[in-house]
Ligand SMILES: Cc1cc2nc3c(=O)[nH]c(=O)nc-3n(C[C@H](O)[C@H](O)[C@H](O)COP(=O)(O)OP(=O)(O)OC[C@H]3O[C@@H](n4cnc5c(N)ncnc54)[C@H](O)[C@@H]3O)c2cc1C
């Protein structure tokens, strides 16, 4: 095995929340052989772009594996985009749009990797990965994706996504560009993109919107330490500056309790909270 091992690696540098203690080790696997070797190290876990995870302040007692090298390949042929799991989803979506393909515009503002997005069945503005993904190479190989809201079979099976293929349709380049510009503008106007966060913190409860419930419970702007319920979009917990993971977890509990007491709705985090 030829990969470099980074010991005591601060996870705050690998997550969009910008908090979390050190991982015992972090390795970047550049091909399947290196990945298989890395999986032999203690307590391996795969990290994509770190945009939907919260590590504890104590960090992670094990091996965090990131995918580089061969996992960063991207191609667009005909109506099909093929991307390694380490490719940024937005880059894959933008490559499709640039070739006049429609159906992937929804993904241009999602800051995850292809692997993380397939695993989470990421989605936005009426589109989801499930709508466009038709082939996934995974370890072990899993041919039933079982996609549903922020769920996939890869979660159930603990499978690692190596690459994915997406099928799109030929579209009108001007309409595609206009749609991307519109969705980008909507994100800029409605989401607190200048602060570190992991996007919408909670899943959408059946029949409700998490952000609306949190806002109606009077929690907009409420803080625990450096973590705050965004004043712009109450569905986001942001790192206002120097937030610890315990601040975020403390605020999460406060939001869950307040919303439950007020409306009887149990909010479930969409963000994956990783135990030490
Ligand atoms: C500002 C902002 C806006 C966002 N907007 C959206 C949005 O509109 N829609 C949406 O759905 N999400 C959104 N998110 C959340 C996030 O970007 C998505 O959930 C994304 O799909 C996570 O991908 P990631 O690579 O960052 O995964 P990570 O956060 O790195 O990991 C998430 C989970 O996926 C697993 N994982 C990662 N890669 C692999 C792999 N190759 N194989 C198996 N498991 C893997 C990890 O182990 C972890 O359990 C947003 C986040 C931010 C910060």
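Residue numbers (this note's numbering): 369 to 644. Just so you know, even glycine gets a beta-carbon here, dropped at the ideal spot from N, CA and C.
Check	Outcome
Whole-angstrom C-beta distance between residue 468 and residue 538, which should lie under 8 Å	6 Å
Within 8 Å, strictly: CB atoms of residue 689 and residue 568	Lying before the first or after the last residue shown, residue 689 is absent from the chain, which here runs from 369 to 644.
Cα-Cα separation between residue 625 and residue 589, rounded to whole angstroms	16 Å
Distance CB(residue 492)-CB(residue 471) smaller than 8 Å	no
Opposing strand residues paired with residue 501 [DSSP bridges]	534
Buried versus exposed call for residue 390 [16 or more other C-beta atoms within 10 Å across all chains shown]	buried
Whether residue 636 touches residue 571 by CB criterion (8 Å)	yes
Inter-residue spacing [alpha-carbon to alpha-carbon] between residue 577 and residue 372	44 Å
Cβ pair count under 8 Å reaching 3, the region 427-438 against the region 377-397	yes
Among 421, 426, 432, nearest to residue 408 - alpha-carbon criterion	432
Contact under 8 Å by Cβ, residue 609 with residue 586	no
Short Cβ contact (8 Å threshold) for residue 430 with residue 382	no
beta-carbon residue 379 near ligand 1 non-hydrogen atom, thresh 7 Å	no
Residue 435 Cβ short of 7 Å to ligand 1 heavy atom set	yes
Given residue 534 as reference, the closest of 403, 446, 611, 410 once Cα atoms are compared	446
Closest by C-alpha distance to residue 520, when choosing among 500, 427, 489	489
Selected residue, minimal CA-CA separation from residue 611, among 574, 512, 387	387
Through-space distance from residue 440 to residue 502, alpha-carbon basis	19 Å
Distance between residue 581 and residue 628 (C-alpha atoms, nearest Å)	10 Å
Residue 487 beta carbon near ligand 1 (any heavy atom closer than 7 Å)	yes
Integer Cβ distance of residue 486 from residue 529, believed to fall under 8 Å	5 Å
Helix, strand or coil at residue 640 [DSSP, three-state]	strand
Same chain only: Cβ atoms within 8 Å of residue 425, ignoring 5 sequence neighbours per side	387, 388, 389, 612, 613, 614
Residue of 574, 442, 552 minimising C-alpha distance to residue 326	Given that the chain is displayed from residue 369 to residue 644, the structure contains no residue 326 and the question cannot be resolved.
7 Å CB neighbourhood of residue 602 in its chain, flanking five on each side removed	579, 582, 583, 587, 588
Among 555, 591, 410, the one whose alpha carbon lies nearest that of residue 622	591
Top-ranked residue by Cα proximity to residue 544, from 525, 514, 428, 465	465
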